[in-house]
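Position 115, counted from 1, in the sequence shown is what numbering that gives the first Met the number 0 calls 114; the numbers after and before it change by one each time, with no gaps.
C-beta: ideal position from N, C-alpha, C; glycine also.
From a predicted model like this one, the values you see are computed outputs, not experimental measurements.
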Amino acid sequence: MQNNTFFGHYQPLSIIVLESTASTNDYSKQLLTNFKPQIGFTAIMAKHQSAGRGQRGTSWLATANTNMTASFIYTPEDLPITNQFAVAVHASLAVYDVLKEILQKDIYIKWPNDIIVGKRKIAGILIENKLSGHFIKTVIAGIGLNVYQKEFASEIAHKTTSLVLENPTIDLSIFDLVKRIQKRLQESRHILQEDGFMAHLKLYNERLFLKDTNARFTVNGNSIEGCIQGVESDGHLIIRHKEEIKKYDLKELAYQL
Numbered sequence: 000m001q002n003n004t005f006f007g008h009y010q011p012l013s014i015i016v017l018e019s020t021a022s023t024n025d026y027s028k029q030l031l032t033n034f035k036p037q038i039g040f041t042a043i044m045a046k047h048q049s050a051g052r053g054q055r056g057t058s059w060l061a062t063a064n065t066n067m068t069a070s071f072i073y074t075p076e077d078l079p080i081t082n083q084f085a086v087a088v089h090a091s092l093a094v095y096d097v098l099k100e101i102l103q104k105d106i107y108i109k110w111p112n113d114i115i116v117g118k119r120k121i122a123g124i125l126i127e128n129k130l131s132g133h134f135i136k137t138v139i140a141g142i143g144l145n146v147y148q149k150e151f152a153s154e155i156a157h158k159t160t161s162l163v164l165e166n167p168t169i170d171l172s173i174f175d176l177v178k179r180i181q182k183r184l185q186e187s188r189h190i191l192q193e194d195g196f197m198a199h200l201k202l203y204n205e206r207l208f209l210k211d212t213n214a215r216f217t218v219n220g221n222s223i224e225g226c227i228q229g230v231e232s233d234g235h236l237i238i239r240h241k242e243e244i245k246k247y248d249l250k251e252l253a254y255q256l
């Protein structure tokens, strides 16, 4: 393990680099329990993550020394639990912005917080919040980003991509990508405030994958067709089925891609 500190626009930012860990989110939770990092937006970066997790309890599989697996720890200021979707908007837009600087391609946010290039997933975000009363005390945003991996398991190869597949001439270190995302998270932390959240929710919706497009979804085991209208401030996905409008949470609906 090594600890690298560099100076960003506002204050020193800390990055802890691990050779290997089961999960950077789990390591971050243990770190908070034992030490509680003093510097906001501390990043925990693993060269190899053996048991990464995604949404719905899925696994995030990453080849060692090839992809970015990192968790970012920060403390929102007076963020009520009722506005917790602001954390997803904040993290999604930060990753989107960094990738948009690197790739001159169509990039989207797939609800709630995956990043898509064209129609293929390039990054996923797993957010875990520590609560204190009615407020979010600490955020751990785990971000997995496919960087230099060129081959994927057959069952996901058709819907997965990486930076090097999208831009074969890319020449970026994974450490630099962590720094870029860390800096962007810090610079855009105003999104976690109520006024900033509502303004950026509109931007999130403008970048939403399959918005205003007829697509197929699985809802409670059934295949349906609908048109995504957007995402509300509570994080519910709004879909129009013919003339009927319905709201869904993450446990109810899955995309068919």
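Is Phe34 buried or exposed, if buried means 16 or more other CB atoms sit within 10 Å of its CB? Residue 34 sits at position 35 when you count from the first residue of the sequence shown. Classification of Phe34: exposed, given that the 10 Å Cβ count is below 16.
Leaving out the 5 sequence neighbours to the left and right, which residues in its chain are closer than 7 Å to Tyr9 when beta-carbon positions are compared? Working through the sequence shown from its first residue, we reach residue 9 at position 10. Because Tyr9 sits at a pLDDT of 43, beneath the cut-off of 50, its placement in the model cannot be relied upon, and the following sentence gives the value as read from the coordinates. The residues are Gln185.
When the Cα atoms are used, what is the spatial distance from Phe6 to Met67? Locating residue 6 in the sequence shown gives position 7, counting from the first residue. Locating residue 67 in the sequence shown gives position 68, counting from the first residue. With a pLDDT of 36 at Phe6, under the threshold of 50, the modelled position of this residue cannot be trusted; read the value that follows with caution. One C-alpha to the other measures close to 21 Å.
For Lys210 and Ile227, what's the separation of their Cα atoms in angstroms? The residue given as residue 210 occupies position 211 in the sequence shown. The residue given as residue 227 occupies position 228 in the sequence shown. Taking the straight line from one Cα to the other gives about 5 Å.
Close-in-space but distant-in-sequence residues of the same chain around Ser267 (CB under 7 Å, 5 per side omitted): No answer is possible for residue 267: the residues shown for the chain start at 0 and end at 256.
Enumerate in chain order the residues of its own chain whose CB-to-CB distance from Tyr95 is below 7 Å, with the five nearest sequence positions on each side excluded. Here residue 95 corresponds to residue number 96 of the sequence shown, with the count starting at 1. Same-chain partners within the cutoff: Ile106, Ile108, Ile114, Arg206.
One or two residues paired with Met44 in a DSSP bridge: In the sequence shown, the residue the question calls residue 44 occupies position 45. Answer by DSSP bridge pairing, in chain order: Val16, Ala69.
Span of the beta strand (DSSP E), counted from its first residue to its last, around Ile190: Translated into the one-based positions of the sequence shown, residue 190 becomes position 191. Unbroken run through Ile190: none, as it is neither H nor E.
What residues match up with Thr74 in a beta bridge as DSSP calls it? As a first step, residue 74 is located in the sequence shown; it is residue number 75 there, counting from the start. Note: Thr74 sits in no beta bridge, so no partner.
Would you report the Cα separation of Ser22 and Thr32, rounded to the nearest angstrom? Counting from 1 along the sequence shown, the entry for residue 22 is found at position 23. Counting from 1 along the sequence shown, the entry for residue 32 is found at position 33. Spanning the two alpha carbons is a distance of roughly 15 Å.
Given that a residue counts as buried once 16 or more other Cβ atoms are within 10 Å of its Cβ, and exposed if not, what is Arg55? Here residue 55 corresponds to residue number 56 of the sequence shown, with the count starting at 1. Since pLDDT at Arg55 reaches only 48, below the 50 mark, its modelled position is unreliable, and the value read off the structure follows with that caveat. Flag for Arg55 reads exposed.
Start and end residues, alpha helix (DSSP H) containing Lys182: In the sequence shown, counting from the first residue as 1, residue 182 sits at position 183. Lys182 -> alpha helix (DSSP H) spans 173 to 186.
Can you confirm whether the stretch 122 to 133 touches the stretch 215 to 234 when touching is taken to mean that 3 or more C-beta pairs between the two stretches lie within less than 8 Å? no
Could you compute how far the alpha carbon of Leu17 sits from the alpha carbon of Ala45? Against the sequence shown, residue 17 aligns to sequence position 18. Against the sequence shown, residue 45 aligns to sequence position 46. Each residue's alpha carbon lies about 5 Å from the other.
Roughly how many angstroms lie between the CA atoms of Ser13 and Asn219, to the nearest whole one? Locating residue 13 in the sequence shown gives position 14, counting from the first residue. Locating residue 219 in the sequence shown gives position 220, counting from the first residue. When rounded, the distance between both Cα atoms is 43 Å.
Could you check where the beta strand (DSSP E) with Leu130 kicks off and where it finishes? In the sequence shown, residue 130 corresponds to position 131, counting from 1. First-last of the beta strand (DSSP E) with Leu130: 119 to 131.
Return the bridge partner residues of Glu224 from the DSSP annotation. Against the sequence shown, residue 224 aligns to sequence position 225. Note: Glu224 is bridge-paired with Arg215 in the DSSP secondary-structure output.
Take Ser19 and list the residues in its own chain whose beta-carbon comes closer than 8 Å to its own, dropping the five residues that flank it on each side. Locating residue 19 in the sequence shown gives position 20, where the first residue counts as 1. So the list reads Ala45, Lys46, His47, Gln48, Ser49, Ala63, once near-sequence residues are dropped.
What did DSSP end up calling Tyr254 once you bin it into helix, strand or coil? Stepping through the sequence shown from its first residue, residue 254 is reached at position 255. Here Tyr254 sits in strand by DSSP.
CA-CA distance, Thr74 and Thr81? On the sequence shown, residue 74 is found 75 positions in, with the first residue counted as 1. On the sequence shown, residue 81 is found 82 positions in, with the first residue counted as 1. Using only the alpha carbons, I get a separation of about 16 Å.
If the criterion is Cβ atoms closer than 8 Å, does the pair Ile135 and Gln83 meet it? Within the sequence shown, numbered from 1, the residue matching residue 135 stands at position 136. Within the sequence shown, numbered from 1, the residue matching residue 83 stands at position 84. Result yes, Cβ atoms of Ile135 and Gln83 sit closer than 8 Å.
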